[in-house]
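Asks: A single structure is presented below for examination.
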């Protein structure tokens, strides 16, 4: 057994072969994922004025990236969505939420009193930042869970 490649497969890290990427799968995914990611961001940012919010938007963004993993392989997706980057994004989302919430304390307000910020429309911008923090944390966490559960070739 000198070569672990199948005649029509792609060599994987564990010696298993998987079929080569099919353009019937990969091309629609290449077209759909940008739309899904855009819709996820739209959902996250318009949660204050319509249905949606940070959690829903984060899940939609994660679902778009998981779609890439299904189309191109978990290992390839894991290579560019590495664990430290996902942990950093999840942490940055939490830090953003806490920073927006604690910021009013510096201006004489209370915790999460966004009207204490000394600039116009502070409440609107503060809520948008909180929604972005929630979306970032949720997307990174869902992706981490998926990549851990999916295993891939090196599991």
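In this note's numbering, the protein residues as written are 6 to 160.
Yeah, the Cβ is synthetic: ideal placement off N, Cα and C, and Gly gets one too.
1. Are there 16 or more other CB atoms within 10 angstroms of the CB of residue 136, so buried, or fewer, so exposed?
2. In terms of residue numbering, what span does the alpha helix (DSSP H) encompassing residue 59 cover?
3. Would you call the region 118-128 and the region 141-150 touching, i.e. three or more CB-CB distances under 8 Å?
4. Spatial neighbours of residue 65 within its chain, please: C-beta separation below 7 Å, excluding the five flanking residues on both sides.
5. Work out the CA separation of residue 129 and residue 103 for me, nearest whole Å.
6. Kindly indicate which three-state DSSP category residue 114 falls into: helix, strand or coil?
7. Taking residue 154 as the reference, give the member of 89, 99 and 80 with the closest Cα.
8. Which same chain residues, not among the five before or five after residue 110, have their C-beta less than 7 Å away from its C-beta?
9. What would DSSP say about residue 87, mapped onto helix, strand or coil?
Replies: Let's see:
1. buried
2. 59-77
3. Taking a contact to require three or more Cβ pairs closer than 8 Å, the region 118-128 and the region 141-150 do not qualify as touching.
4. If we look at residue 65 and ignore the five residues flanking it on each side, its Cβ neighbours are 41, 44, 45 and 48.
5. 16 Å
6. coil
7. 80
8. 116
9. coil
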